[in-house]
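In our numbering, the protein residues as written are 907 to 1238.
In what follows, a structure is listed as structure tokens, so that the remarks can point back to it.
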């Protein structure tokens, strides 16, 4: 982006074996659902990934460049964050925003990127979250719905929580983006952008001390990159292979880091957890402190920094500390 302590697997397997639809020692059952989202008179199909359980709903929304299968659903050593949430009794869901992963691509993806403004901003994404919550509510009419968001996804998550306070019980902001005082990007941003392995690989090291080892192996990074490229059926037709993504999320971050306040954070009323890796260059200590102060209307605020990880903490060995911290907050 511009600008190990693993859970003991036998314990996880035992927990999952108690869940309906989960066999002992194997990852939980996954379902694909879809929900229609209407924007500018056009309907786009959004993809929802689900691992069901009888407890409260935990809905994950991703960041600016990669979808749920590559984040909350990504299995390292056989276990994903969705698996963990399900094992903890949460009805675990993940939403792919329009233009990502299994969700439908907007028509602008077929046009010259400079023929339209950046597509898919935080307000559009907040409306997609609302559509997903409404669909989940039809499945689980009485269950609390908690929202877990990463990176840029924390912007639409906060906006959705403001606009639908009755629909969101708690809010987890993992590696959130916050307002910074900086220069404004002067060049006109395109509607969409291309993102490849060359851009994604270095992010496992972003913010790390120079003498710190890369958190995961080169083989794991390449496995992830191959799966990432496979999320775009047209990726292999480009040289180098790359994934087409909406560009408004990056434009949103550019605006934030030029001093704009996009979301009125004081209007968020739900209990909030800010959680981040110690080397997260997107959510620095100063960023977290500023955001914590701005969330003055929240029923409860927590700020937790986890050692040994960066902005990709959920794809690194210390991910289980992130998982347990999140689950504990949602259970309280």
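Glycine included, every Cβ here is placed at the ideal spot set by N, Cα and C.
- The three-state secondary structure of residue 984, taken from DSSP, is coil.
- CA-CA distance, residue 1033 to residue 1174, rounds to 16 Å.
- Beta-bridge pairing by DSSP links residue 945 to 948.
- The segment 1052 to 1137 contains, as complete beta strand (DSSP E) runs of 3+ residues, the segments 1077 to 1080 and 1098 to 1101 (chain order).
- When Cβ pairs closer than 8 Å are counted between the two stretches, the segment 971 to 978 is seen to touch the segment 1134 to 1141, the count reaching three or more.
- Excluding its 5 nearest sequence neighbours in each direction, residue 1207 has C-beta neighbours in its own chain below 7 Å: 1178, 1198 and 1201, listed in chain order.
- By the Cβ criterion, the segment 1189 to 1197 is not in contact with the segment 1151 to 1163, since fewer than three pairs of Cβ atoms, one from each stretch, lie closer than 8 Å.
- Residue state for residue 1230 is assigned as helix, using DSSP reduced to three classes.
- Residue 1158 counts as buried, since at least 16 other C-beta atoms from the protein chains shown sit within 10 angstroms of its C-beta.
- A direct Cα-Cα distance of roughly 18 Å separates residue 1067 from residue 943.
- The distance from the Cβ of residue 994 to that of residue 1076 is about 14 Å, inconsistent with a contact at the 8 Å cut-off.
- In the DSSP assignment, residue 964 falls within the beta strand (DSSP E) that extends over 963 to 967.
- Distance between residue 1028 and residue 1187, taken at the CA atoms: about 21 Å.
- The C-alpha of residue 1147 lies about 21 Å from the C-alpha of residue 1020.
- Comparing C-alpha distances from residue 1044 to each of 1167, 1166, 1087 and 941 shows the shortest one belongs to 941.
- Distance from the CA of residue 989 to the CA of residue 1049, rounded to the nearest whole angstrom, comes to 19 Å.
- Judged by beta-carbon spacing, residue 1051 lies beyond the 9 Å limit of residue 1119, meaning their Cβ atoms are not closer than that value.
- The count of Cβ pairs closer than 8 Å, one atom from the segment 942 to 957 and one from the segment 1003 to 1012, reaches three, so the stretches are in contact.
- The Cβ atoms of residue 1001 and residue 1061 lie no closer than 9 Å to each other.
- Fully contained in the segment 1170 to 1224 are the following beta strand (DSSP E) runs of length 3 or more, in chain order: 1178 to 1183 and 1207 to 1212.
- A Cβ-Cβ contact shorter than 9 Å links residue 967 with residue 1054.
- Residue 980 places its beta carbon less than 9 Å from that of residue 1130.
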